[in-house]
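Colleague: Here the sequence shown stands for residues 1048 to 1177, numbered as in our numbering.
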Amino acid sequence: MIEEPKKPYARVIGRFATSDLQGCRGRVTFTPSVEGVVQTDNGPVFFGGSVTAYINDIGEINDSKGNPYVDLVGLGRGVTPNTKWTYHVLLENPSYMIEFDVFLKQGNVHNLNDLWISDYGAAPNPSDTL
């Protein structure tokens, strides 16, 4: 089981496969719709650039260290701007390219498959309480 990340991060997991359930190699790029700063235990962290994760041979998302997830700054306390903002997600492999937007709330684990399938690419609006 994937552990919840420490705030202010949100953790994204997911597995992508062909119709015969074979893993699909590729990459997924997350680009925040804002630039900002978040206060962490180690001081301020600036964010705003794209983060790319890779999809391995069995179809799992891996971060640059090989972990089966990617951690991103999430919506919530201590993040500036404190408005609701999204990540634009670009999922690419040799067979297809999919783009959609998502809200990622800090402290939670988000399955990218559920986020993509739930609203066919429309970012579900998070609750007003972050």
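Glycine included, C-beta positions come from ideal geometry on N, C-alpha and C.
1. Output needed for residue 1128: all residues of its chain with C-beta closer than 6 Å, excluding positions within five of it in sequence on either side, in chain order.
2. Considering just the uninterrupted stretch of the beta strand (DSSP E) at residue 1074, what are its terminal residues?
3. Return the Cβ separation of residue 1063 and residue 1106 in integer angstroms, given the expectation that the two are a contact with Cβ distance under 8 Å.
4. For residue 1048, which option in 1163, 1156, 1160, 1162 has the closest C-alpha, if you only look at C-alpha atoms?
5. Examine the ligand FAD and report whether any of its heavy atoms sits within less than 6 Å of the Cβ of residue 1103.
6. If you follow the beta strand (DSSP E) that residue 1086 is part of, which residue opens it and which one closes it?
7. Residues in the same chain with beta-carbon distance under 6 Å from residue 1073, minus the five sequence neighbours each way, listed in chain order, please.
8. Can you list, in chain order, the residues of its chain with a C-beta nearer than 6 Å to that of residue 1145? Leave out the 5 residues immediately preceding and following it.
9. By a C-beta neighbour count over all protein chains shown, 10 Å radius and 16 as the cutoff for buried, is residue 1124 buried or exposed?
Modeller: Working from what's here:
1. In the sequence shown, residue 1128 corresponds to position 81, counting from 1. Only 1081, 1083 meet the Cβ criterion.
2. The residue given as residue 1074 occupies position 27 in the sequence shown. Looking at the DSSP string, the run of the beta strand (DSSP E) that includes residue 1074 is 1073-1079.
3. What you label residue 1063 is simply residue 16 of the sequence shown in a count that begins at 1. What you label residue 1106 is simply residue 59 of the sequence shown in a count that begins at 1. So it is a contact: roughly 5 Å between Cβ atoms.
4. Within the sequence shown, the letter at position 1 stands for residue 1048. Of the listed residues, the one whose Cα sits closest to residue 1048 is 1156.
5. Because no ligand of any kind appears in the structure shown, any question about the ligand FAD cannot be addressed here.
6. Within the sequence shown, numbered from 1, the residue matching residue 1086 stands at position 39. Element bounds for residue 1086: 1083-1087.
7. If you number the sequence shown from 1, residue 1073 lands on position 26. By the criterion of a C-beta distance shorter than 6 Å, residue 1073 is surrounded in its chain by 1102, 1139, 1140, once the five residues flanking it on both sides are discounted.
8. Start at 1 with the first residue of the sequence shown, and residue 1145 comes out as number 98. Excluding positions up to five away in sequence, the list reads 1138.
9. Stepping through the sequence shown from its first residue, residue 1124 is reached at position 77. By the 10 Å Cβ count, residue 1124 comes out exposed.
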